[in-house]
Every structure is written in structure tokens, then in C-alpha cells.
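Below is one structure, written out as C-alpha cells, with a few remarks after it.
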Amino acid sequence: MAGPGVSTPAVFAAGAGALVLWSALKGVSVTGGLRSLLTGKQPSAANTEPITGAAAGGGPGGSRATGSAIADRGLSYLGSGSVYKWGGADPRGWDCSGFANYVIGHDLGAAIPGSPSGAYSGHGPTTVQWALAGKAIPRGQVQAGDLVVWPLFHMGIAISGAQMVNAPGPAGTPAPVISPVDEGIGGPVTYRRLP
Numbered sequence: 007m008a009g010p011g012v013s014t015p016a017v018f019a020a021g022a023g024a025l026v027l028w029s030a031l032k033g034v035s036v037t038g039g040l041r042s043l044l045t046g047k048q049p050s051a052a053n054t055e056p057i058t059g060a061a062a063g064g065g066p067g068g069s070r071a072t073g074s075a076i077a078d079r080g081l082s083y084l085g086s087g088s089v090y091k092w093g094g095a096d097p098r099g100w101d102c103s104g105f106a107n108y109v110i111g112h113d114l115g116a117a118i119p120g121s122p123s124g125a126y127s128g129h130g131p132t133t134v135q136w137a138l139a140g141k142a143i144p145r146g147q148v149q150a151g152d153l154v155v156w157p158l159f160h161m162g163i164a165i166s167g168a169q170m171v172n173a174p175g176p177a178g179t180p181a182p183v184i185s186p187v188d189e190g191i192g193g194p195v196t197y198r199r200l201p
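Last residue of the sequence shown? That's 201 in the numbering used here, and every number before it is there in order.
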């Protein structure tokens with residue numbers, strides 16, 4: 007119950023935010039984090055593996071998850087008829103992290119954080135989890151294939167030091183699109199390079 011001056015929705019929002027952050031720190035999905043908290047069991051080691059890079063043979067197309075391959079594959083969806091859908095995870099409709107997860111995990115076969123096997127099996131990690139993956143790099147070093155992540159809000163795949171391909175919404179609008187890397191949406195931004 008909320009105390010004086012504290013609303014119930016604010017308490018709920020704080021709890022949900024804490025769950026998202028805890029899940030990201032443990033490297034598990036929010037659902038897996040909630041399950042762990044409710045059962046009192048720690049996430050299994052299989053669910054806490056960090057991102058490790060491309061699978062040896064790459065994904066369905068046989069590609070490797072290099073910076074240019076990630077950027078090129080993300081760009082291949084421009085004008086494909088895909089649209090933004092919150093929580094979406096495939097070309098029928100995806101949100102920002104669903105788009106990055108699909109390109110990196112599904113198309114290129116790279117391990118993604120929060121997945122028990124490291125393989126793509128649905129929506130996958132959120133922006134918070136991606137904000138902790140790979141190696142942090144300074145803004146001036148951003149290049150094709152790096153991730154641009156606003157941890158609680160949005161993310162995209164850099165296609166150059168100045169632009170990114172991303173799925174920004176709102177619902178039903180074409181996605182992905184090209185936007186400036188510096189297109190601010192509020193909050194801190196981090197730049198990540200995958201191994």
C-alpha cells in the first residue's frame with residue numbers, strides 16, 4: 007500500500023522498473039527474472055551468459071555477425087512493408103529491441119543476452135539488457151554495426167557514425183527507418199560494440 011503522498015501507480019512503476027533492471031543485471035529476460043523472484047531461485051547459469059558474438063557458421067544466411075554485416079542486414083528491411091508493433095519480434099511487426107534481436111540473433115545467428123542458449127527464440131533482450139552487452143565505446147568511435155541504446159527507452163543499429171537503422175514507432179508506422187545517431191529521446195545514451 008502506498009503511503010501519504012505516494013500513489014499506487016508510482017509504487018507499481020518503481021517495482022516494474024526494479025524488476026527490469028534486476029533482470030538486465032542478471033542477464034535474463036524480464037519473465038525469467040520474475041519467475042526467479044517468485045520462486046526464490048537464482049537464475050540458472052545457462053540464463054546468465056553474456057553476449058559472446060557470432061556463432062561459428064553465422065545464421066540462416068551463413069553470415070557472420072560483424073559490424074558491417076549487422077548494419078547491412080538491418081538496412082535490408084528498409085521498405086519491406088514491416089511496421090512498428092510494441093513487443094513485436096519479427097518482420098510482421100517489431101519494436102526497437104525486437105528489430106535488433108531479430109537481425110543479430112535470428113538472421114546472423116549471434117548470441118544475444120538473456121537467452122538460455124544465447125540463440126534467438128522470440129523477442130529476446132530489452133534495451134536495458136543491450137545497454138549492458140558488448141563493450142562500451144565513446145560516441146566518436148561509433149561505426150556500422152554498433153548499437154545505440156537509451157537503456158529504458160530505445161535502441162538502434164548504427165549504419166555509420168552519423169546514422170542508425172531502428173524501429174521507433176508509433177504503432178503501425180513503417181519500421182525500420184533511418185535516423186540520426188544523436189536523435190535524442192531523453193535520458194542517457196550508451197554506445198555498444200559487439201565482440
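Note that the Cβ used here is the ideal one computed from N, Cα and C, for glycine as well.
Which listed residue (119, 120, 128, 99) has its alpha carbon closest to that of residue 112: 128
Rounded C-alpha distance that separates residue 117 from residue 195: Distance between the alpha carbons of residue 117 and residue 195 is about 23 angstroms.
Simplified DSSP state of residue 153, which is helix, strand or coil: Residue 153 falls in the strand class under three-state DSSP.
Counted within 10 angstroms of its Cβ, other Cβ atoms place residue 181 as buried (16 or more) or exposed: buried
Of the listed residues 169, 142, 151, 132, nearest to residue 197 (C-alpha basis): 142
Beta-carbon proximity of residue 163 to residue 80, cut-off 7 angstroms: yes
Under 7 angstroms between C-beta atoms of residue 157 and residue 133: Contact: yes.
Which of helix, strand or coil DSSP assigns to residue 189: Shown here, residue 189 sits in coil according to DSSP, grouped into three states, outside any helix or strand.
Nearest-angstrom Cα separation, counted from residue 146 out to residue 177: 32 angstroms
Bridge-paired residues (DSSP) for residue 89: 180
For residue 131 and residue 140, the rounded distance between their alpha carbons: Looking at the two C-alpha atoms, the distance is approximately 13 angstroms.
Residue 86, buried or exposed, once every other Cβ within 10 Å from all chains shown has been counted against 16: exposed
Sequence-distant residues of its chain with Cβ nearer than 8 angstroms to residue 159 (five each side left out): 133, 191, 192, 193
Expected contact under 8 angstroms - CB spacing of residue 77 and residue 151 to nearest Å: 5 angstroms
Per-residue DSSP class, three states only, for residue 132: coil
Residue from 175, 90, 149 with nearest C-alpha to residue 199: Closest by alpha carbon: 149.
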